[in-house]
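Student:
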Amino acid sequence: MPAFVLSRILQALPVMLAVALIAFTLFTFVGDPIATMLGQEFSVAQRDALVTALGLDQPVPIQFLRFIGNALHGEFGLSYRLSRPVSALFAERAPATLELAFCASVVALAVGLPAGVYTGLRPRSPLSRALLTFSLVGVSLPTFLIGSLLILVFSVWLGWLPSFGRGDTVQLGWWSTGFLTLSGLKALILPSITLGLFQLTLILRLVRSEMLEVMRSDYVKFARARGLRDRSINFGHALRNTLVPVITIVGLQLGSIIAFSIVTETVFQWPGMGLLFIQSVSSADIPVMAAYLLLISAVFVTINLVVDLLYYAVDPRLRAGRGH
Amino acid sequence: MSAIARAWDSDLAYSFRRSPTAVLSAIVALICIVGAVAAPVLAPYNPFDLASLDLMDAFNPPAFMPEGSLAHPIGTDDQGRDVLSAIMYGARMSLFVGVSATAFSLLLGVLLGLLAGYAGGTIDAVLMRIADVQLTFPNILIALLVDGVARAALPRDLHDQIAVYVVIFAIGISDWPRFARTVRGSAMVERNKEYVLAARVIGIGPARIMLTHVLPNVLGPLLVLATLNLGLAIISEATLSFLGVGLPQTQPSLGTLIRVGNDFLFSGEWWITVFPGVALIAMVLSVNLLGDWLRDALNPRLR
Amino acid sequence: MAAPLLEVRDLVVEFPGRRGTLRALDKVSLDIAPGEVLGMVGESGAGKSMTGAAIIGLLEPPGRIAGGSITLGGQRIDNLSRRQMQRIRGKRIGAIFQDPLTTLNPLYTVGDQLTETMRTHLDIDAADARRRAVGWLEAVGIPAAADRVMAYPHQFSGGMRQRVVIALALCAEPELVVADEPTTALDVSVQAQVIALLRRLTREKGTSVMLITHDMGVIAETADRVAVMYAGRVAEIGPVKSVVKAAAHPYSAGLMASIPPLSHRVDRLPQIDGAMPRLNAIPQGCAYNPRCPHVFDRCRVERPELLPAVETRAACWLFDSHAPRERAHV
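Residue numbers (this note's numbering), protein chains in the order written: chain L, 4 to 327; chain Z, 3 to 305; chain U, 3 to 332.
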């Protein structure tokens with residue numbers, strides 16, 4: 004087990020390094036940080052002082068190492084646009100995004116998994132067909148459009164739910180939560196559905212097709228031939244085998260929820276990291292983009308690792324190691 | 003039997019005729035495509051012709067509402083532009099970017115997939131590792147990054163001029179791994195078949211073997227992938243434009259129209275955003291349904 | 003012969019399809035006596051496996067039983083509900099599939115799979131089931147069974163896995179086992195052991211076996227009687243010696259002649275010209291008539307029932323005693 008975890012971490016390292024290199028390249032070579040930070044008017048002395056302060060006079064490999072060192076300390080420099088430390092900006096925005104992503108994941112899993120199992124077990128029932136049509140519509144609907152339509156119906160026409168922002172939040176240390184106030188919870192509903200819907204339909208379709216695949220397998224047929232009861236076959240044998248591939252993809256999908264929140268946050272003016280990122284893309288705010296890239300990669304790599312560990316827990320073939 | 007009759011009698015055509023969804027989505031897709039491609043001919047107005055715009059016409063509701071008129075069947079926007087015409091021109095832009103980006107992904111994916119599958123070894127390992135990493139990131143994020151970098155690296159005027167191609171590149175580059183994987187798998191299988199060895203022995207080059215033997219084997223799956231990818235690419239473009247980092251206002255796509263219309267949701271002019279949205283959904287949904295049907299039809303095991 | 007355990011009468015299995023309905027089995031009739039091993043032989047697609055699947059009630063949809071009857075120990079089982087059939091499968095009819103690599107659920111230990119099967123069908127507690135699971139693994143010749151009961155399928159070799167499958171098929175002590183190509187996927191070196199094991203265990207318990215295989219060697223060694231299938235029909239059925247040595251139906255005779263003899267070298271094996279017809283193009287009358295060397299007019303018009311031949315029963319007009327005609331010598 005420790006060897007397995009170690010090998011996974013070792014595999015993740017080059018990926019992180021590659022992403023860091025891309026982020027560093029962006030940071031160092033794209034745009035002109037000096038000009039951006041000093042504005043139009045500056046003296047040569049000012050310029051040189053800043054170059055030294057930023058370490059831009061060092062050789063590139065040294066700069067890269069410093070970049071990584073800084074990144075490990077959560078230090079990404081100043082935002083060109085807001086002239087504030089990037090780390091502080093992210094710390095401020097992270098709770099909003101994480102709470103939204105959590106709620107969206109709950110929506111996606113709580114509906115997607117059961118619906119996928121059902122449509123896999125009863126592929127010909129009318130409800131399955133309806134769910135499948137719904138899922139296709141879901142895949143074809145761009146997130147931003149879902150958000151706009153939900154706003155139109157529930158905020159503009161019905162006036163039930165707020166159309167933007169987080170509502171009232173409560174400060175718990177540095178974490179601001181919307182879970183503790185009624186307006187905070189109400190504000191979460193539409194964005195969570197918007198963000199979760201796409202993943203929901205993906206999970207539904209994935210679970211369904213895996214389930215169909217497993218139901219056709221020899222061991223399920225053999226389980227039938229042994230006269231096992233339907234419930235044991237469907238949920239013991241079929242579902243458990245379905246979970247092996249489903250965990251991987253669902254894990255990655257949940258990771259991408261954080262990235263996809265860019266769109267949802269824009270639609271609902273949700274004060275999270277995604278909104279920060281999109282504002283930095285349109286104003287070419289490289290430090291924020293680089294930091295966001297690294298952050299998202301770290302999230303993905305972590306999720307990948309967790310997924311691998313879950314995999315390991317579910318599939319004995321991995322646990323036995325070199326049993327083959 | 004003539005070719006047409008044979009095609010009509012084929013399993014694929016049979017399953018097409020049998021599936022109301024497939025027929026319906028083909029019709030919708032056809033309407034969207036014709037409406038988009040022939041926009042300059044079919045659209046009632048030219049939304050880019052500033053001379054024809056009259057602010058007196060702004061915010062006209064659709065014809066079925068009390069103050070609507072048949073002159074603008076689904077209303078006008080804040081500038082007095084005919085929404086229907088704007089949608090047709092916007093769809094033209096969306097379709098152009100979607101098709102170009104898909105073609106770019108397809109080409110890149112096929113080339114890299116063949117290379118990886120045929121060369122094997124380190125090249126294969128490196129390419130597939132890149133593909134893996136890229137697949138774990140949502141394509142919209144990659145497209146956003148590419149677009150953001152282009153914005154930072156290019157002077158503003160130049161960026162606006164070539165924005166369309168930046169978007170096509172940004173979307174195309176984020177979607178190649180799926181094509182590459184499909185092609186690679188097939189290339190690896192074929193590479194070890196005896197006829198390929200035989201062809202090599204008599205001196206036929208690898209490029210020719212790939213094109214004449216490997217590619218025909220994956221045309222079906224590639225077609226399915228490309229169809230589904232077209233829907234995705236159109237969505238990606240619309241998303242980028244909606245976020246304000248895609249196409250410039252001077253070349254509006256459906257996404258741009260929805261973004262602009264979004265500002266008027268609260269003041270009651272819902273048609274400015276809803277109808278472009280409906281057009282986008284109709285286009286993407288019909289393409290996706292066709293792709294879905296095609297996948298099932300080409301893979302009878304799934305039924 | 004004692005009252006048969008399994009009676010299949012005029013069994014018809016159909017697959018409704020796009021270009022009409024395919025008849026995969028056409029009036030198949032056969033019996034298996036208690037404790038008897040019936041071999042089923044024939045080319046791929048002749049309907050051997052289909053017959054087995056119909057008996058255990060696991061036809062792949064859209065396949066369905068469209069006629070005839072299947073009776074097990076006096077009880078009709080072809081028209082039972084899902085739930086009733088579940089109580090028959092595993093409990094009264096066991097099944098062994100071809101590929102042991104795919105028939106065992108990879109995520110459960112072999113012990114769990116055995117105990118689950120036994121506890122579904124037998125009224126025993128968990129501890130008893132566990133004890134019996136170890137006993138079964140010993141019985142099928144798994145070394146160190148008490149430890150291996152906790153092992154997962156991937157920790158066994160192919161031959162060992164097939165032994166586990168046999169244990170699973172027999173653990174609820176069924177009266178009949180349908181073994182569909184039980185050795186085809188195994189190494190030649192372990193095929194004989196697995197067949198010997200199956201024969202020994204079923205003989206000890208008095209279990210009847212329907213042994214589906216295309217390996218005539220296995221049939222000759224193992225089966226008591228044999229049914230030869232052709233194009234979804236039984237061509238001939240009878241004691242294994244008679245069919246092997248003196249087949250009455252021209253098709254079985256051709257089939258037996260094409261088995262290479264061990265006793266002497268032959269330069270060229272006899273073969274039957276032509277191929278088995280596709281299910282949508284079965285000729286009128288006897289399905290074998292286009293390839294039969296003894297064909298006459300009646301064969302092209304009227305389908306022969308199973309008729310008493312010399313030592314067997316064969317679906318061939320050559321053996322119709324009621325209709326005098328110029329009889330070709332067989």
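C-beta atoms are modelled at their ideal positions from N, C-alpha and C, and glycine is treated no differently. Quick caveat: nothing in here was measured; it's all calculated off a predicted structure.
1) Quick check on this structure: which residue in A194/U, V179/U and A222/U has the alpha carbon closest to the alpha carbon of A35/U?
2) Comparing C-alpha positions only, which one of P285/U, E313/U, A255/U and L188/U sits nearest to H296/U?
3) With a 10 Å radius around its C-beta and 16 neighbouring C-beta atoms as the bar for buried, classify I164/Z as buried or exposed.
4) Looking at chain L, is there any beta carbon in it that lies within less than 7 Å of the beta carbon of R153/Z?
5) Using a C-beta to C-beta distance shorter than 9 Å, which residues of chain U count as neighbours of N244/L?
6) Taking a cut of 9 Å between CB atoms, which residues from the stretch 223-236 of chain L lie near chain U?
7) By the criterion of Cβ-Cβ separation under 7 Å, what are the contact partners of F244/Z in chain L?
8) Alpha carbon to alpha carbon, how far is S283/L from Q61/L? Give it in angstroms, no decimals.
9) Along the alpha helix (DSSP H) that carries Y120/Z, what are the first and last residues, could you check?
10) Can you have a look at W273/Z and say buried or exposed, based on whether 16 or more other CB atoms are within 10 angstroms of its CB?
11) Considering P241/U, what are the terminal residues of the beta strand (DSSP E) in which it resides?
12) Should C94/U go down as buried or exposed, given a rule of 16 or more other Cβ atoms within 10 Å for buried?
13) Can you list, in chain order, the residues of its chain whose CB lies under 6 Å from that of D171/L, leaving out five sequence neighbours each side?
14) Can you look up L27/U in the DSSP assignment and give me helix, strand or coil?
15) Put I265/L into one of helix, strand or coil per three-state DSSP.
16) Once the 5 residues before and after F244/Z are set aside, which same chain residues still bring their CB inside 7 Å of it?
17) For the stretch 84-108 of chain U, enumerate the residues whose C-beta is nearer than 9 Å to any C-beta of chain L, in chain order.
18) From P179/Z to G293/Z, what distance separates their C-alpha atoms?
19) Taking the runs of the alpha helix (DSSP H) that are 4 residues or longer, which of them lie wholly in the stretch 247-299 of chain L?
20) Suppose the cutoff is 8 Å on Cβ atoms and the five residues either side in sequence are ignored; what does the same chain contact list for T111/U look like?
21) Can you find the residues in the same chain that come closer than 7 Å, C-beta to C-beta, to P49/Z, ignoring five residues on each side of it along the sequence?
22) Decide if V191/Z is buried, meaning its Cβ has at least 16 other Cβ atoms within 10 Å, or exposed.
23) Per DSSP, what are the beta-bridge partners of I34/U in this structure?
24) Should E239/Z be labelled buried (16 or more other beta-carbon atoms within 10 Å of its own) or exposed?
25) Cβ closer than 7 Å: which chain Z residues qualify as neighbours of T269/L?
26) In chain order, what residues of the same chain lie with their CB nearer than 7 Å to the CB of L281/U, ignoring the 5 residues before and after it?
27) Would a check of beta-carbon distances place S82/L closer than 7 Å to chain Z?
28) For chain L, find out if any of its Cβ atoms is closer than 7 Å to the Cβ of P140/Z; answer yes or no.
29) According to the Cβ coordinates, are F280/L and Y295/L closer than 7 Å?
30) Mind checking E238/U: buried by the 16 CB within 10 Å criterion, or exposed?
31) Does any C-beta atom of chain A lie closer than 7 Å to the C-beta of R125/L?
32) What do you reckon, are the CB atoms on A26/L and L278/L nearer than 7 Å?
33) Taking G279/Z as the query, report the chain L residues whose CB atoms sit under 8 Å from its CB, ordered along the chain.
34) Should Y222/L and N107/U be called a contact, given that it needs their Cβ atoms to be closer than 7 Å?
35) For D149/U, count neighbouring Cβ atoms within 10 angstroms of its own Cβ and tell me buried if that reaches 16, exposed if not.
36) Quick check: S17/Z and A299/Z, are their CB atoms within less than 7 Å of each other?
Tutor: Straight from the coordinates:
1) V179/U
2) Of P285/U, E313/U, A255/U and L188/U, the residue nearest in Cα terms is A255/U.
3) By the Cβ neighbour-count rule, I164/Z is exposed, with fewer than 16 other Cβ atoms within 10 Å of its own.
4) At a cut-off of 7 Å between beta carbons, R153/Z contacts chain L.
5) N107, P108 and L109
6) V223, K224, F225, A226, R227, A228, R229, G230, L231, R232, D233 and S235
7) F147
8) 27 Å
9) V85 to A121
10) buried
11) R235 to P241
12) The sequence given here places Arg at residue 94/U; Cys does not occur at that position. Classified as buried, R94/U has 16 or more neighbouring CB atoms from the shown chains inside 10 Å of its CB.
13) T184, S186 and G187
14) strand
15) helix
16) G257, I260 and R261
17) R84, R85, M87, Q88, R89, I90, R91, G92, K93, R94, I95, G96, A97, I98, F99, Q100, D101, L103, T104, T105, L106, N107 and P108
18) 18 Å
19) 276-285
20) V151, M152, A153 and Y154
21) R83, D84, S87, A88 and Y91
22) exposed
23) L8/U
24) buried
25) L245
26) L24, R25, A26 and G234
27) no
28) Yes, its Cβ sits closer than 7 Å to a Cβ of chain L.
29) yes
30) So E238/U ends up on the buried side.
31) Checking the listed chains, one finds no chain A in this structure; the protein chains it contains are L, Z and U.
32) no
33) L148, S151 and L152
34) yes
35) exposed
36) yes
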